[in-house]
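Report on the following structure.
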Amino acid sequence: MARSLNFIDALNEALHQEMERDERVFLLGEDIGVSGGVFKATAGLYDKFGEERVMDTPLAEGIIIAAAIGSAMVGLRPIAEIQFTDFVTPAMDQIIQQAAKIRYRSAGGFDCPITVRICCGGGVSGGLYHSQENAAWFVHEPGLKVVMPSTAYDAKGMMLAAIRDPNPVIFFEHKKLYRTAKGDVPEGDYVVPIGPVAVRREGKDMTVLTYGFMTQVALDAAEEMAKQGVDVEVVDVRTLNPLDKDGILASVRKTSKCLIVHEDKRTMGIGAELAAIVAEEAFEDLDGPIVRITGPDIPAIPFSPPLEKFFLVNKEKIVAAMESLAKY
Amino acid sequence: MTTKTGRSVAEMEPEKASQSASQSSELLLGLYRSMLKCRMCDEKARVLFKQSKYGGNFYSAVGQEATEVGAAYTLRDDDWIAPSHRDWISNIIKGAPLKFCYAQLFAKATSPDRGRSSPAHMGYPPLNVITPASSIAGQLNVGTGVALGLKKLGRDTVVVAFFGDGATSIGGFHEALNFAGVHRLPIIYVCQNNLWAESVPLRLQTAVTDLSVKAQAYGFPGVTVDGNDIMAVYDASVRAIARARAGEGPTLIECKTYRWYGHSEIDPAKYRIKEEVEAWKKKEPIGRFEKVLVEQKLLNDQKKAAMAAEITAEIDEAVEFAEKSPYPDASEATDFVWA
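One line per chain: the protein sequences are P and G, in this order.
For the first sequence, the residue numbers in my numbering are 831 to 1158.
For the second sequence, the residue numbers in my numbering are 36 to 374.
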């Protein structure tokens, strides 16, 4: 039976169910226990499973991740929470030098099946240090799987996939989706495989490659374009590493036009790699330039409302890009 | 001898190792042989490097053998070691076959990591020696995570994490020890304070005299021992390991010691004065312990020569294995990225 759930409730359900199913699973992070997390993603888990399995940690991201890594190396399935992606930097040594490389550098002698939940994204007046995305930092690291679901259904299904994956998985949760992305979520156990893209809207005139909260915005823009007679296909690149090249290229080859949309900064961002893949492998199929709509190259999302608005990609910016690309 | 925190190394007996009358001759000779083997293996590794038999670099632990043997000698197969770049010999103590240790230096396909890590960055997964990264103090953090996992699994298994004085300055040291204190984790932090972090002297690393005082801030015991006195390190370690196995939490053991050579084989260590090096060589752990064993009539020149000959044969066989082993095929570079 499916019922309509918020993104965050779907996530929460995944954590409840997997902790019941697999006693190796435990959670650790800041404020995730008694208080249930600053966004309540872990609500009810402490009461049900106790402080050994839902650990409120010291305020120290490095050891949160290291504690997860070491526990995973002895056979447990830890899920670490980084409260805001803006605070993941103290844990970068552990994520990049340890989690991403321990299997490689030990030739498979040690595995690191950890899930790192990271809350990210702007548009909530979070200011410089509660609005960043930073997914691009992690996709550059082979050995780390990186996902960012955009629907409640995927939130649960990809969380279950992440926990069961034998690799370290960085699981990005855009905070704007927590209570705006609502949809049917099955009550039972199901997995949304890490890897394949999801075509959220089929179309024949233009492909939009996007992920996370921007998927919703791109879908709104696509509806706007439909009124103008332009049929846009929206592809949700919900796994950012490893990329589903076949899924991406299949859509671009079909529509011959490629627009890439993401919230984060532009230079060397995820859009740059998507554009490179399309340019290298589907050049002959393109009818127009590959276009990117992204955040600007400024250090982070500023706080003052007009400044924040300047940074964020919205429907109008996407529609404008679609209109000019449609002319080719 | 084990000292309470606060005793400086100058007050320790410099010439002779302490003895433990209650210990069996088998243990004493075992400790001695293990140190001698580590010294000979390490010196052989240096020679092989200088002969260009392998590339990269090597980080010799000659002079520090007592800290490694004393701490790791009694570990069980299922116990863990979190080594740093200078703890290649900890694999030997844990029981990794010598042929694999040299295959590691030679970066051959027969090395435990199939040629991935730099020569001295060796782990041995079958005996739970964690393959180290180069990030300073990174092994303390991962080792602490392992200790958390072991505690959660309800095992009486322990972790020994090795690091130098330099590693006590980085944030990861604080995060690891603080966390281990909070959760009373089964881990022993063994600091090999050799007075130099590459070229930086201890006085520029810390304002404290004894690094063991730092444990006080984390709510568990810290002891400073003469790290060139095998029985002092051994006694402190046995107590710390028993404590960890019993679920009573971590211990920080600071071993005051000295590395004879540079930070690595390409470091002539001109930042140290000759007098300092010579003074420490006089206090080196193997010769000191030898005097004790000779006095107790457990060791004589003949026995020592036989022991050395045995070890030499073992090393020669291991080096031959490493030399004859093939390099990994280039296509293997993409293996083990994903599980």
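Think of the CB as a built atom: it goes at the ideal place given N, C-alpha and C, for glycine as much as any other residue.
Chain P beta carbons: is any one of them nearer than 8 Å to that of residue i?
i, result
"Ser-170 of chain G", "yes"
"Lys-249 of chain G", "no"
"Pro-147 of chain G", "yes"
"Met-47 of chain G", "Low per-residue confidence applies at Met-47 of chain G: pLDDT is 49, beneath 50, and the placement is therefore not dependable enough to give any value."
"Ile-165 of chain G", "yes"
"Lys-39 of chain G", "Below a pLDDT of 50, predicted positions are generally treated as unreliable, and Lys-39 of chain G, at 43, falls in that range; no measurement from the model is reported."
"Trp-231 of chain G", "no"
"Leu-140 of chain G", "no"
"Asn-176 of chain G", "yes"
"Phe-371 of chain G", "yes"
"Gly-180 of chain G", "yes"
"Ser-152 of chain G", "yes"
When the cut-off is 8 Å and only beta carbons count, does residue i lie next to chain G?
i, result
"Met-988 of chain P", "no"
"Gly-1025 of chain P", "no"
"Leu-1070 of chain P", "no"
"Ile-1000 of chain P", "no"
"Arg-1083 of chain P", "no"
"Tyr-934 of chain P", "yes"
"Phe-879 of chain P", "no"
"Asp-941 of chain P", "yes"
"Ala-910 of chain P", "no"
"Ser-834 of chain P", "no"
"Asp-923 of chain P", "yes"
"Val-1108 of chain P", "no"
So is residue i buried or exposed if we call it buried at 16+ other beta carbons inside 10 Å?
i, result
"Gln-99 of chain G", "buried"
"Pro-943 of chain P", "buried"
"Gly-1033 of chain P", "buried"
"Arg-1009 of chain P", "exposed"
"Met-831 of chain P", "exposed"
"Met-1055 of chain P", "buried"
"Asp-923 of chain P", "buried"
"Leu-239 of chain G", "exposed"
"Gln-1058 of chain P", "exposed"
"Tyr-137 of chain G", "buried"
"Glu-289 of chain G", "buried"
"Ile-308 of chain G", "exposed"
"Val-243 of chain G", "exposed"
"Asp-122 of chain G", "buried"
"Ser-169 of chain G", "exposed"
If distances are taken between C-alpha atoms only, which option among the options comes closest to residue i?
i, options, result
"Asp-113 of chain G", "G:Ile-265, G:Arg-278, G:Asn-163 and G:Glu-78", "G:Asn-163"
"Ala-196 of chain G", "G:Ile-205, G:Val-217 and G:Ile-165", "G:Ile-165"
"Phe-917 of chain P", "P:Ala-1048, P:Ile-894 and P:His-1092", "P:Ile-894"
"Val-884 of chain P", "P:Met-1098, P:Ala-1102 and P:Pro-908", "P:Pro-908"
"Val-855 of chain P", "P:Asp-877, P:Phe-869, P:Pro-888 and P:Ala-902", "P:Ala-902"
"Ala-374 of chain G", "P:Arg-1031, P:Gly-938 and P:Val-1062", "P:Gly-938"
"Ser-204 of chain G", "G:His-218, G:Leu-237, G:Pro-363 and G:Val-181", "G:Leu-237"
"Ser-1154 of chain P", "P:Leu-1104, P:Asp-1035 and P:Pro-998", "P:Asp-1035"
"Ser-247 of chain G", "G:Ser-234, G:Leu-183, G:Asn-228 and G:Asn-263", "G:Asn-228"
"Leu-183 of chain G", "G:Ala-172, G:Gly-216 and G:Tyr-159", "G:Gly-216"
"His-156 of chain G", "G:Ala-144, G:Ser-69, G:Ala-117 and G:Thr-244", "G:Ala-117"
"Tyr-959 of chain P", "P:Phe-914, P:Asp-995 and P:Leu-974", "P:Phe-914"
"Lys-187 of chain G", "P:Glu-891, P:Val-904 and P:Ala-921", "P:Val-904"
"Leu-220 of chain G", "G:Phe-135, G:Val-177, G:Val-104 and G:Tyr-296", "G:Val-177"
How is the alpha helix (DSSP H) around residue i delimited, first residue to last?
i, result
"Pro-320 of chain G", "320-330"
"Pro-1135 of chain P", "1135-1141"
"Met-903 of chain P", "891-903"
"Leu-875 of chain P", "875-879"
"Cys-73 of chain G", "60-85"
"Val-217 of chain G", "206-218"
"Trp-29 of chain G", "The question about residue 29 of chain G has no answer here: the residues shown for chain G are numbered 36 through 374."
Since residue i is in the beta strand (DSSP E), which residue starts that stretch and which ends it?
i, result
"Trp-295 of chain G", "First-last for Trp-295 of chain G: undefined, no H or E at that position."
"Glu-1003 of chain P", "999-1004"
"Gly-859 of chain P", "855-859"
"Asn-1144 of chain P", "Note, Asn-1144 of chain P: premise wrong, no beta strand (DSSP E); not H, not E."
"Arg-907 of chain P", "907-912"
Does the beta-carbon of residue i, which I'm using as the reference point, lie nearer than 7 Å to any heavy atom of the ligand PLP?
i, result
"Val-1091 of chain P", "As far as ligands go, the structure on display features none, and thus does not contain the ligand PLP."
Legend entry - Segment contact flag, the stretch 248-256 of chain G with the stretch 302-319 of chain G, C-beta cutoff 8 Å, min 3 pairs: Taking a cut-off of 8 Å on C-beta distances, the stretch 248-256 of chain G does not touch the stretch 302-319 of chain G, as fewer than three cross pairs fall below it.
Inset, instruction - Determine, using beta-carbon pairs with one atom in the stretch 965-981 of chain P and one in the stretch 1058-1069 of chain P, whether at least three such pairs fall under 8 Å. - result: yes
Inset, instruction - Determine, using beta-carbon pairs with one atom in the stretch 296-304 of chain G and one in the stretch 269-278 of chain G, whether at least three such pairs fall under 8 Å. - result: no
Legend entry - Validate contact between the stretch 988-1007 of chain P and the stretch 958-974 of chain P using beta carbons, cut 8 Å, 3 pairs: Yes, since at least three Cβ pairs between the stretch 988-1007 of chain P and the stretch 958-974 of chain P fall closer than 8 Å, the two stretches touch.
Inset, instruction - Assess, as a yes-or-no matter, whether the stretch 332-352 of chain G is touched by the stretch 57-74 of chain G under the definition of 3 or more beta carbon pairs within less than 8 Å. - result: Judged by Cβ distances under 8 Å, the stretch 57-74 of chain G makes contact with the stretch 332-352 of chain G, as three or more pairs qualify.
Inset, instruction - Would you check if the stretch 1105-1116 of chain P and the stretch 1016-1029 of chain P touch, i.e. whether three or more CB-CB distances between them fall below 8 Å? - result: no
Inset, instruction - Specify whether the stretch 1122-1139 of chain P and the stretch 1081-1098 of chain P touch according to this definition: at least 3 beta carbon pairs, one from each stretch, less than 8 Å apart. - result: yes
Legend entry - Stretch-stretch touch, CB-based, cutoff 8 Å, three pairs: the stretch 885-892 of chain P with the stretch 847-863 of chain P: yes
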